[in-house]
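Participant: I have a structure I would like to understand better, so I am pasting it below and will then ask my questions one at a time.
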Amino acid sequence: MISIKDLQVSYRLGTRTIHAVDGVTLDIPDGCIVGIAGESGCGKSTLMKAIYGDITSPMHLSRGSITYGLKSAKGRQVTAQNIREEWFKSISYVPQSSMNSLNPVIRIREQFIDFPGTDSNKKRVLERARAYMGKLGLPPEAMDSYPHQLSGGMRQRMMIGLATFFQPELIIADEPTTALDVVVQKDILMLLMELQEEMKNTILVVSHDMGVHYQVTHKMLIMYAGRVVEYGDTDSVFSDPQHPYTKMLIDSLPTIGDDSMRGLMASAAGASGDRAYRVEPKLHEVKPGHFVAQAAAAPAAHSVGA
């Protein structure tokens with residue numbers, strides 16, 4: 001569906017040019033959820049903006065190409081230069097901050113009616129939107145609320161609803177579960193999976209959380225310093241990572257019930273053979289109001305709790 005060839009996306013900052021995405025080449029197939037992971041500043045959001053076609057100064061596409069195999073294009077070539085024509089029709093975007101994306105001064109129902117690309121018949125749009133609330137796990141009366149009257153999870157569901165209302169072929173979700181509690185995160189992810197399964201579209205999900213990617217995605221794309229360092233089926237990437245950076249990301253995930261972590265995290269010393277690797281020390285006060293779980297505490301320290 002998406003073919004990216006030698007893509008370089010840069011930012012011009014005065015006399016400096018920063019290549020935020022540098023030499024990316026890959027193909028993203030139809031009908032799958034692709035996870036994009038990597039540390040802050042590695043180029044994830046810049047790559048997503050480029051794919052979405054949101055290329056504005058100081059950002060510019062300095063080399064390479066992006067082509068889209070959209071069914072709705074009916075043979076017409078769609079590239080990064082004209083993808084904006086497909087906004088709100090074939091491609092949509094789910095931002096990470098729903099409170100900043102929903103208009104705070106009008107009710108949710110008006111935002112569905114006024115959303116670009118929707119039917120001109122307001123009554124028909126409203127009836128369809130109310131019926132759509134059930135798929136989003138929301139009561140129909142939520143349509144009559146202002147954004148501030150909804151919880152963070154409900155607002156994010158509304159954003160997903162707006163993004164999927166016209167059944168786009170491609171959805172870009174930029175940190176869709178940021179600032180939500182763990183239970184709500186799971187609900188949002190399950191919603192994305194259910195909608196993708198029903199619509200058979202392609203979803204690109206940006207997240208720092210490797211656990212999110214493992215639960216939701218079919219393919220994984222790992223970025224480092226503006227480059228894609230590993231890309232493949234999620235099961236393969238997690239079970240047999242090939243790049244050292246990918247291995248580090250996966251190894252950073254704690255495992256519930258892994259007793260080896262107890263001693264490992266008991267001390268910051270980290271020296272080979274340190275007693276902290278073999279025991280789980282109590283919390284000690286090393287100075288007024290400052291406590292540490294460390295095997296070798298100062299002589300005057302006072303134990304706190306058992």
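In terms of the UniProt record's numbering, the sequence shown opens at residue 1 and continues consecutively. Cβ coordinates follow ideal geometry from the N, Cα and C atoms, glycine included.
1. Thinking C-beta only, is Ala173 closer than 8 Å to Met154?
2. If you reduce the DSSP assignment to three classes, tell me which class His218 lands in.
3. Is it true that the segment 86-101 meets the segment 31-38, where meeting means three or more beta-carbon pairs spaced less than 8 Å apart?
4. Given that a residue counts as buried once 16 or more other Cβ atoms are within 10 Å of its Cβ, and exposed if not, what is Pro288?
5. Check Arg155 in the structure and name its three-state DSSP category.
6. Can you name the start and end residues of the alpha helix (DSSP H) that Asp27 belongs to?
7. Measuring CB to CB, does Asp27 end up less than 8 Å from Ser3?
8. Could you tell me the boundaries of the beta strand (DSSP E) in which Arg227 lies?
9. Closer than 8 Å is the cut-off here; do at least three beta carbon pairs connect the segment 162-179 with the segment 188-200?
10. Under 8 Å between the Cβ atoms of Asp54 and Arg227?
11. Pick from Ile203, Leu192, Gln185 and Leu204: whose alpha carbon is nearest that of Gly211?
12. Apart from the five residues just before and just after Pro104, which ones in its own chain have a Cβ nearer than 8 Å to its Cβ?
13. Assess contact between the segment 233-245 and the segment 133-141, defined as three or more Cβ pairs (one per stretch) separated by less than 8 Å. Is contact present?
14. For Gly190, count the other beta carbons within 10 Å of its own beta carbon; 16 or more makes it buried, fewer makes it exposed. Which is it?
15. What does the Cβ neighbour count give for Lys71, buried or exposed, with the cut at 16 atoms within 10 Å?
16. Cutting at 8 Å between CB atoms, please list the residues of its own chain near His19, excluding the five before and the five after it.
17. Can you name, in chain order, every residue of its own chain whose Cβ lies under 8 Å from the Cβ of Thr79, other than the five neighbours on each side?
18. Under DSSP, the beta strand (DSSP E) around Arg124 begins and ends at which residues?
19. On the DSSP letters alone, give me the boundaries of the beta strand (DSSP E) that Tyr68 sits inside.
20. Tell me which residue opens and which closes the beta strand (DSSP E) that Asp174 is part of.
21. Are Val205 and Gly35 close, meaning C-beta to C-beta below 8 Å?
22. Quick one: what does DSSP say Ala50 is sitting in, helix, strand or coil?
23. Rounding to the nearest angstrom, what Cα-Cα distance links Gln81 and Gly43 in this structure?
24. Quick check: Ser101 and Met159, are their CB atoms within less than 8 Å of each other?
25. Specify, as a first and last residue, the run of the beta strand (DSSP E) that Val205 falls within.
26. Of all the beta strand (DSSP E) runs that stay within the bounds of the segment 68-105, which reach a length of 3 or more residues?
27. Where does Leu253 land, buried or exposed, given buried means 16+ other C-beta within 10 angstroms?
28. How big is the Cα-Cα spacing for His208 and Asp251?
Facilitator: So, to answer that:
1. In this structure, Met154 sits away from Ala173, with a CB-CB distance that is not shorter than 8 Å.
2. In the three-state reduction of the DSSP assignment, His218 falls in the coil class.
3. Note that the segment 86-101 does not touch the segment 31-38; fewer than 3 beta-carbon pairs, one per stretch, sit closer than 8 Å.
4. Exposed.
5. Arg155 falls in the helix class under three-state DSSP.
6. It is not in any alpha helix (DSSP H) - Asp27 instead sits in the beta strand (DSSP E) that spans Arg16 to Ile28.
7. With contacts defined by Cβ atoms closer than 8 Å, Asp27 and Ser3 form a contacting pair.
8. According to the DSSP assignment, Arg227 belongs to the beta strand (DSSP E) that extends over Arg227 to Asp233.
9. Because the criterion of three Cβ pairs below 8 Å is met, the segment 162-179 and the segment 188-200 touch.
10. Between Asp54 and Arg227, the C-beta spacing is not below 8 Å.
11. Of the listed residues, the one whose Cα sits closest to Gly211 is Gln185.
12. Scanning its chain for C-beta atoms nearer than 8 Å, with the 5 sequence neighbours on each side dropped, one finds around Pro104 the residues Tyr146, Pro147 and His148, in chain order.
13. In this structure the segment 233-245 does not touch the segment 133-141; the number of beta carbon pairs closer than 8 Å is below three.
14. According to the sequence displayed, residue 190 carries Met and not Gly. Burial call: exposed.
15. By the 16-neighbour rule on beta-carbons within 10 angstroms, Lys71 is exposed.
16. Contacts found: Gln8, Val9, Ser10, Ser62 and Gly226.
17. Correct list, in chain order: Ser65, Ile66, Thr67 and Tyr68.
18. Here Arg124 belongs to no beta strand (DSSP E); instead the alpha helix (DSSP H) covers Lys122 to Tyr132.
19. Its beta strand (DSSP E) spans residues Met59 to Tyr68.
20. Element bounds for Asp174: Leu170 to Asp174.
21. Yes, Cβ-Cβ distance for Val205 and Gly35 is below 8 Å.
22. In the displayed model, Ala50 falls within a helix according to three-state DSSP.
23. Going from the Cα of Gln81 to the Cα of Gly43 covers about 20 Å.
24. If you check the CB distance, Ser101 and Met159 come in under 8 Å.
25. That run of the beta strand (DSSP E) goes Thr202 to Val206.
26. List check, beta strand (DSSP E) in window: 91-94.
27. Counting Cβ neighbours within 10 Å, Leu253 comes out exposed, since fewer than 16 surround it.
28. The C-alpha of His208 lies about 14 Å from the C-alpha of Asp251.
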